[in-house]
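J.:
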Amino acid sequence: MSQSSTDTLTPKGESWVWFTSLGLIVGLVMVFGLLSLVLLNGFSVFWAPQVPTVQLKDNSTIVGQQVQRRVRPGSPASNPVYERQYQVGLRELNGFSYLWKDEGDIVKEFFNSETMGLERVENGPAFVTPVAIIDSQGRRVSATDSEFKADLQKELSHAAEIRDQVHQISRGKIGDINRELEALRIELRRAEDKRLPTEEIQGKVVRLDKQFAELKSQAELILAQGSKAKLIAHDASGKDVQFAFSTLIRAW
577 MSQSSTDTLT PKGESWVWFT SLGLIVGLVM VFGLLSLVLL NGFSVFWAPQ VPTVQLKDNS
637 TIVGQQVQRR VRPGSPASNP VYERQYQVGL RELNGFSYLW KDEGDIVKEF FNSETMGLER
697 VENGPAFVTP VAIIDSQGRR VSATDSEFKA DLQKELSHAA EIRDQVHQIS RGKIGDINRE
757 LEALRIELRR AEDKRLPTEE IQGKVVRLDK QFAELKSQAE LILAQGSKAK LIAHDASGKD
817 VQFAFSTLIR AW
């Protein structure tokens with residue numbers, strides 16, 4: 577019995593099996609690549625890298641984490657000039673968070689064991705040299721004291737508790753009152769449009785306004801108490817800087 581000319585040595589559908597397998601392999605590579613990216617970023621969050629000190633030709637120094645390196649725009653392709661971008665932090669003092677420097681202006685880059693990175697509630701990170709702590713009881717603990725690191729973590733934990741308390745008041749209780757007040761104002765406008773009595777509604781508004789003011793004062797008092805503890809430090813230029821622990825999230 578003769579074979580049909582259309583028959584081949586490859587069974588029908590086998591090519592689709594190969595295509596499906598190839599697609600599965602590509603998908604797995606993408607998944608593992610994404611997981612690797614997440615893990616790398618996670619390591620930088622939980623285990624922050626060291627912060628380098630950069631000495632420049634003009635004898636000035638900058639302290640910050642290198643973000644990227646690139647060929648300076650406009651430099652000739654035959655003799656490219658490279659530059660590095662550093663996140664220097666202290667935006668409220670420097671007026672900027674990032675700084676570009678030509679590699680030719682960099683004398684050396686080294687890691688200073690005394691440099692401390694600070695993650696803050698606002699204004700981005702700060703990179704400083706710690707000098708001392710003024711703790712919640714007003715006691716000064718020098719950065720050279722053996723108990724400095726323990727006190728630092730203690731005050732950071734205390735500051736986190738204070739922020740949680742303020743958050744519960746401002747976002748929880750005060751938020752609930754704001755929603756009630758908004759509903760009452762709508763109800764008051766409807767009553768006024770229909771020429772109905774509004775005394776009861778106005779009384780509720782007054783009581784809620786009073787509760788709002790009391791909670792706001794309570795939150796401000798808690799925040800003020802938490803601002804007593806301070807970290808005293810020097811910036812890259814040696815200037816004195818202070819940070820209330822209520823504004824600090826972590827240090828490394």
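Take the position in the sequence shown, starting the count at 1, then add 576; the result is the number in our numbering.
All C-beta atoms in this analysis are idealised placements derived from N, C-alpha and C, irrespective of residue type, glycine included.
For clarity, every value in this text was computed on a predicted model and none was experimentally measured.
Rounded to the nearest angstrom, what separates His-743 and Thr-637 at their Cα positions?
T.: Approximately 39 Å between the Cα atoms of the pair.
J.: How about Phe-686 and Thr-629: are their beta carbons less than 8 Å apart?
T.: Yes, they are a contact pair.
J.: Which residues in the same chain have their Cβ closer than 6 Å to the Cβ of Arg-648, if we skip the five residues on either side of it in sequence?
T.: Contacts found: Val-657, Glu-659.
J.: Assign Pro-625 to one of two classes, buried (16 or more other C-beta atoms within 10 Å of its C-beta) or exposed (fewer than that).
T.: Exposed, by the Cβ-count rule.
J.: In three-state terms, what does DSSP make of Arg-646?
T.: Residue state, collapsed to three classes: strand.
J.: Asp-711: which of Glu-698, Arg-696, Lys-730, Gly-751 sits nearest, CA to CA?
T.: Of the listed residues, the one whose Cα sits closest to Asp-711 is Lys-730.
J.: In the DSSP output, what is Ile-808 paired with across the bridge?
T.: Paired residue(s): Ala-708, Gln-818.
J.: Going straight from the alpha carbon of Trp-594 to that of Val-602, what length do you get?
T.: If I take the Cα positions, the gap works out to 12 Å.
J.: Is it right to say Val-782 is buried, meaning 16 or more other beta carbons lie within 10 angstroms of its own, or is it exposed?
T.: Classification of Val-782: exposed, given that the 10 Å Cβ count is below 16.
J.: Starting from Ile-753, trace the alpha helix (DSSP H) in both directions and tell me its first and last residue.
T.: Per DSSP, Ile-753 belongs to the alpha helix (DSSP H) from 750–769.
J.: Can you tell which of Gly-693, Lys-749, Arg-755, Val-607 has the C-alpha that lies nearest to the C-alpha of Ile-825?
T.: Checked all of Gly-693, Lys-749, Arg-755, Val-607; the closest Cα to Ile-825 is Gly-693.
J.: Does Phe-608 come out as helix, strand or coil in the three-state DSSP assignment?
T.: If DSSP states are grouped into helix, strand and coil, Phe-608 belongs with the helices.
J.: How far does the beta strand (DSSP E) with Ile-718 in it reach, from first residue to last?
T.: The question names Ile, yet the displayed sequence has Ser at residue 718. Taken as a continuous stretch (DSSP letters only), the beta strand (DSSP E) holding Ser-718 covers 716–718.
J.: So Phe-788 is in the alpha helix (DSSP H); what residue range does that whole segment cover?
T.: 775–802 is the extent of the alpha helix (DSSP H) around Phe-788.
J.: Helix, strand or coil for Ser-578 per DSSP?
T.: Low confidence applies here, because Ser-578 scores a pLDDT of 49, under 50, leaving its location unreliable and the question unanswered by this model.
J.: Suppose you measure from the CA of Val-717 to the CA of Trp-676; what does that come to, to the nearest Å?
T.: Taking the straight line joining both Cα atoms gives about 36 Å.
J.: With 16 other CB atoms within 10 Å as the buried threshold, where does Val-639 fall?
T.: Per the 10 Å Cβ criterion, buried.
J.: Please report the distance separating the alpha-carbon of Glu-668 from that of Ala-702.
T.: When rounded, the distance between both Cα atoms is 10 Å.
J.: Assign Trp-592 to buried or exposed, taking buried as 16 or more other Cβ atoms, counted over all protein chains shown, within 10 Å of its Cβ.
T.: Flag for Trp-592 reads exposed.
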